[in-house]
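So the protein lines, in turn, are chains A and B. Numbering of the first sequence is given in this note's numbering, commencing with residue 1 and proceeding in unit increments. Numbering of the second sequence is given in this note's numbering, commencing with residue 1001 and proceeding in unit increments.
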Amino acid sequence: MFAKEWRSEIRTRYALNTLALFAVNTLVVVSASLGPLGAAPGRSSETLPVLLWLILLFAAAAGLPRSFVHEEETQTATALRLAATPSALFCGKLAYALTLLAALEALVAPLFLAVMNLDVARPGLLIATLAAGGFGLAAGSTLVAAIIAQARGKGTLFAVLSFPVLLPLLLLAVELTRSAFAGGGPPGQGGQGGQGEAGVALMQLLLYDGAVTTAGLMLFPVVWNP
Amino acid sequence: MPPALSFAQVRRRFGRLAVLGGVSASVAAGEVLLVTGRNGSGKSTLLRCLAGLLAPDSGTIDYSEDGTPLDAASRRRRVGLVAPDLAFYGELTAAENLAFFSRLRGIGRERGDELLRRLELPPDRPASALSSGMRQRLRWAWALLHRPRLLLLDEPFQNLDAAGVAIVRRLLVEHLAPSPAAGADAGAPGLAVVANPVPLEIGSVAGNLDLGA
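Okay, here's the thing in structure tokens:
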């Protein structure tokens, strides 16, 4: 499934183009208005992590739901339902979403740091946050995409359903990114906390990833099959 | 034990529209059940229920292979379905589509290559570039890929030319009564449910279920 998804993607370049174009366009708008020339230095570590995750969230929302929606729209879903086990299908789609999001992060994060002229106090924490946050974003988006694939008004439904699923992830990821930019622990959990608090927040993020993936594996057969 | 399919009082509604109003029939190995009826009479809905793609509102569907009853989820992965709304990945070639589904089903790609050859399909042509008749042949290849015992055929000769009809009729005959010359590779006799607006001259017909208007 994973290999097929990438083979199709390389031939059509739909999701890659959508994600990259959306992310780069947003990045240009943000950097032009809040970049090193426009943002007050004290405000940058507070506001910029939010913008980074908003860029990643909206780019993911623009491209990831397509993986299941496209199967329904092109009527290939029937052949998949008859040939694949739901768990294999979910794992394949999740692996594809993960690698797509990792590629997006590899493009967006260095660009973001460069155009915002940001110094990262704890690069290891930033990489871990991007990895764990990206995993959660991919797992949550894949699950919601599977739920909405057979419904009408897919775009609206994705926004409505993904909000409660992805909100905890985004809050944690933003706090950890702030901590990585500024140094110290997450400001939201006791001000400028230490490395221990960042470790706790990172653990919470990993637990979220595990919970969403497990929920996806358990719920997917129900939402995918009649 | 040979496979056997029976269903009783199968009902299915879509909202307020009753599509299937309690249909019953049975079919044994080596036989074909013909389902006829006008457009909109519920033929495709019945086949989707039998395939496990739609849950009936009421009624029972009993299908067993080797004496083991199979539920809807197991049935779904065992049946072979040819249907007009069955589509494949347009950006992949015919051979790549079959290779992909072979991997999903855990079988080697030789079977796909054999079916491509027998159905005279161009292996390297993208599925999106196939004519409607060639797409129907690809549906047949896909349906027979895993050597299913139960074939569900919804308008199976749609868009096929005379040569295509002759090829798939031969494949259907082999499915219903495998040649002893093929040895162990032939497998046991299968069964088929064929839905078509008008009756067809086809195999050993177990019965004709006319869904009418």
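Virtual Cβ for every residue (Gly too), placed ideally from N, Cα, C. The structure presented is a predicted model; accordingly, all values stated were derived computationally and were not measured.
What residue does the alpha helix (DSSP H) around residue i start on, and which one ends it?
i, result
"Tyr14/A", "Tyr14 to Leu34"
"Ala1087/B", "Note, Ala1087/B: premise wrong, no alpha helix (DSSP H); not H, not E."
"Val120/A", "Val120/A -> no alpha helix (DSSP H), and no H or E assigned at all."
"Arg1109/B", "From DSSP, Arg1109/B is part of no alpha helix (DSSP H); its letter is neither H nor E."
"Ala1051/B", "Lys1043 to Ala1051"
"Leu1145/B", "First-last for Leu1145/B: undefined, no H or E at that position."
Check the DSSP bridge columns for residue i and list the partner residues they point to.
i, result
"Leu1034/B", "Val1194/B and Asn1208/B"
"Leu1070/B", "Tyr1063/B"
"Pro65/A", "DSSP lists no partner for Pro65/A."
"Arg1013/B", "Ala1018/B"
"Thr1255/B", "The requested residue 1255/B does not occur in the structure, where chain B is confined to residues 1001 to 1213."
Which two residues bound the contiguous beta strand (DSSP E) that contains residue i?
i, result
"Leu1153/B", "Leu1150 to Asp1154"
"Ala1025/B", "Leu1017 to Ala1028"
Helix, strand or coil, according to DSSP, for residue i in the structure here?
i, result
"Gln75/A", "coil"
"Thr85/A", "coil"
"Gln1158/B", "coil"
"Pro1122/B", "coil"
"Phe1007/B", "strand"
"Leu1081/B", "strand"
"Ser1058/B", "strand"
"Arg1103/B", "helix"
"Arg110/A", "The residue you asked about is not Arg; residue 110/A is Pro in the sequence shown. Three-state DSSP puts Pro110/A in a helix."
"Gln1136/B", "helix"
"Leu1200/B", "coil"
"Ser1131/B", "coil"
"Pro49/A", "helix"
"Ala60/A", "helix"
"Met203/A", "helix"
"Gly190/A", "The predicted model places Gly190/A with a pLDDT of 45, which falls under 50 and marks its position as unreliable; any figure quoted below should be read in that light. The answer is coil: DSSP assigns Gly190/A none of H, G, I, E or B."
"Phe220/A", "helix"
"Gly1164/B", "helix"
"Ala1177/B", "coil"
"Gly1040/B", "coil"
"Ala1188/B", "coil"
"Arg11/A", "helix"
"Glu5/A", "helix"
(message) Check whether the segment 1194-1201 of chain B and the segment 1150-1158 of chain B touch, using three or more Cβ-Cβ pairs below 8 Å as the test.
(response) The segment 1194-1201 of chain B vs the segment 1150-1158 of chain B: in contact.
(message) Below 8 Å, how does it come out for the segment 1050-1069 of chain B and the segment 1131-1144 of chain B: are there three or more Cβ pairs, yes or no?
(response) no
(request) Taking 8 Å as the threshold, find out whether the segment 1103-1114 of chain B comes into contact with the segment 1171-1178 of chain B through three or more Cβ pairs. (result) Contact fails: fewer than three Cβ-Cβ distances are below 8 Å.
(request) Could you say if the segment 155-171 of chain A and the segment 117-130 of chain A meet the contact criterion of at least three C-beta pairs nearer than 8 Å? (result) Under the three-pair Cβ rule at 8 Å, the segment 155-171 of chain A does not count as touching the segment 117-130 of chain A.
(request) Check whether the segment 55-63 of chain A touches the segment 13-23 of chain A, taking contact to mean three or more Cβ pairs, one atom from each stretch, closer than 8 Å. (result) Per the Cβ contact rule, the segment 55-63 of chain A is in contact with the segment 13-23 of chain A (3 or more Cβ pairs under 8 Å).
(request) Count the CB pairs spanning the segment 70-77 of chain A and the segment 1083-1100 of chain B that are closer than 8 Å, and state whether there are at least three. (result) yes
(request) Just list the alpha helix (DSSP H) runs in the segment 134-185 of chain A, keeping only unbroken ones of 4 residues or longer that don't cross its boundaries, in chain order. (result) 154-182
(request) Decide if the segment 97-105 of chain A is in contact with the segment 1002-1019 of chain B; the criterion is three or more beta carbon pairs, one per stretch, under 8 Å apart. (result) No: fewer than three Cβ pairs fall under 8 Å.
(request) Examine the Cβ distances between the segment 84-92 of chain A and the segment 122-141 of chain A and report whether three or more of them are shorter than 8 Å. (result) no
(message) Closer than 8 Å is the cut-off here; do at least three beta carbon pairs connect the segment 133-147 of chain A with the segment 210-222 of chain A?
(response) Of all C-beta pairs linking the segment 133-147 of chain A to the segment 210-222 of chain A, three or more are shorter than 8 Å, placing the two stretches in contact.
(message) Assess contact between the segment 1057-1072 of chain B and the segment 1002-1012 of chain B, defined as three or more Cβ pairs (one per stretch) separated by less than 8 Å. Is contact present?
(response) yes
(request) Kindly confirm or deny that the segment 1029-1041 of chain B and the segment 202-212 of chain A touch, where touching means at least three C-beta pairs closer than 8 Å. (result) no
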